[in-house]
Amino acid sequence: MASGLLLNRGVLTLGIHCQRVCRNVSVSQVREKKRWMKSYTHLMAKKLKLEGPPAPKPRSLQPHWDFHAEVQSFSSRLQENFSLEALKRAFINPCYLQAEQERRRALGLDSETTALALKDNIQLSEKGEGFTKSFLSDWCMANFPRLRREGVESVVAHLTSSPVVTYVARNLGIEDLTMSAECPVPDDVLYSTFMAVIGALEESSGAEQTGLFLRDFVSSQLIGKDLFDMWTVVDPMGLLVEELTQRNLPLPEPRLVRAAGASTVLPLFFVGLYSDKKFLAQGPGETLVAAEEEAARVALRKLYGYTENHRPFNFSPLQPHQQPLIQAVSSN
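For the sequence shown, the working numbering assigns the number 19 to the initial residue and increments by one for each residue that follows.
And the structure:
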């Protein structure tokens, strides 16, 4: 009993002591930011406004860079069987070799020392560009057999244009590996680098695997693209008349289907085209001439099989009956 009273008294005494200590301790508020941070941030923002953003640096000049490891990672990421030597050569542009030699000469090195044991990608780029245009042409003719030769050439020209190729190259990470004299990498250098990568893939894995690569990454850029955004047709009605004449069909007859707001500043006309009393297509326009041209374009899309609801492109693995297409491309 006495021990219990002593224990309770000790606990009570300890609690009173802790209260007294807590009363004497003053708690000060700690700021999240240092006092000098505001002036420093203001100074850095003013400096950035006066001098502009710093010049970009290529990835190879940044820390933790290993070109061999990056090339291996690029090959593994795309799940392609590249020859590492050919792939490394595909990223080395002539402008980089020239700039590197000039930099070494500026350091006072002799010609033997400044010589680089590297080979540029000119040959691979020419090889890849030729294969790309040949394969895409055959692929377009296989998917749109009724499309005219001029239309196929326009589609291929769009797919191999600099904006489309550089867009694909940047999204594949080719820009970070490109050895160029300028940073950021110019579009023409990035274009030639991408074509060199295609040439390196053909040299490493053959024409069949390279064709699948182009089909998956380049041909897919046609998704959601209108035919006449790539193919400029000045006289669609004249082209429609020519197509119907070749098919031994009667000439098209335009008829006004409906109109709205003809006396306002925003008129709308719908013109329908008929051939031998059979409906071909209709199109809208602010004038009768514009509506007739749009109706002719709609009719041409139907004739060529390039409509908005056309059959989706086949991105499945190649079947045995598709092998001659790749063999024909590789033989050119």
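Don't be surprised by glycine CBs; every beta carbon is placed ideally from N, CA and C. Predicted model only: the values in this text are computed from it and were never measured.
> Does the beta-carbon distance from Glu-142 to Arg-95 come in below 8 angstroms?
Replying inline: The identity of residue 142 in the sequence shown is Leu, whereas the question assumes Glu. Going by C-beta atoms, Leu-142 is not nearer than 8 angstroms to Arg-95.
> Do Ala-89 and Leu-195 have their CB atoms nearer than 8 angstroms?
Replying inline: First, the amino acid is wrong: residue 89 is Val here, not Ala. Yes, they are a contact pair.
> Helix, strand or coil for Gln-9 per DSSP?
Replying inline: Outside the modelled stretch of the chain, which goes from 19 to 350, sits residue 9, for which no answer is possible.
> Out of curiosity, what's the CA-to-CA distance linking Arg-233 and Val-275?
Replying inline: 41 angstroms
> In the structure shown, what three-state DSSP assignment does Ile-110 receive?
Replying inline: strand
> Between the stretch 224-231 and the stretch 109-124, do three or more beta carbon pairs fall short of 8 angstroms?
Replying inline: no
> What span of residues does the beta strand (DSSP E) with Ala-277 cover, start to end?
Replying inline: 271-278
>> Between which residues of its own chain and Gly-279 is the CB-CB distance below 7 angstroms, once the five residues before and five after are set aside?
In response: Pro-285, Leu-286
> Excluding the five sequence neighbours on either side, which residues of its own chain have a C-beta within less than 7 angstroms of the C-beta of His-176, listed in chain order?
Replying inline: Val-182, Met-248
>> Using 8 angstroms as the threshold, is the C-beta distance between Arg-315 and Pro-254 below it?
In response: yes
> So, are the CB atoms of Leu-245 and Tyr-324 less than 8 angstroms apart?
Replying inline: yes
> In the DSSP assignment, what residue or residues form a beta bridge with Met-213?
Replying inline: Bridge partners of Met-213: none, in fact.
>> Within the continuous beta strand (DSSP E) that includes Leu-291, where are the two ends?
In response: 286-293
> Where do the ends of the alpha helix (DSSP H) carrying Leu-232 lie?
Replying inline: 225-235
>> Am I right that Asn-111 and Asp-138 are in contact with their C-beta atoms under 8 angstroms? What's the rounded C-beta distance?
In response: 6 angstroms
> If you draw a straight line from the alpha carbon of Gly-242 to that of Phe-212, how long is it in whole angstroms?
Replying inline: 23 angstroms
>> For Leu-321 and Glu-261, which I take to be in contact (beta-carbon distance under 8 angstroms), what is that distance rounded to the nearest angstrom?
In response: 6 angstroms
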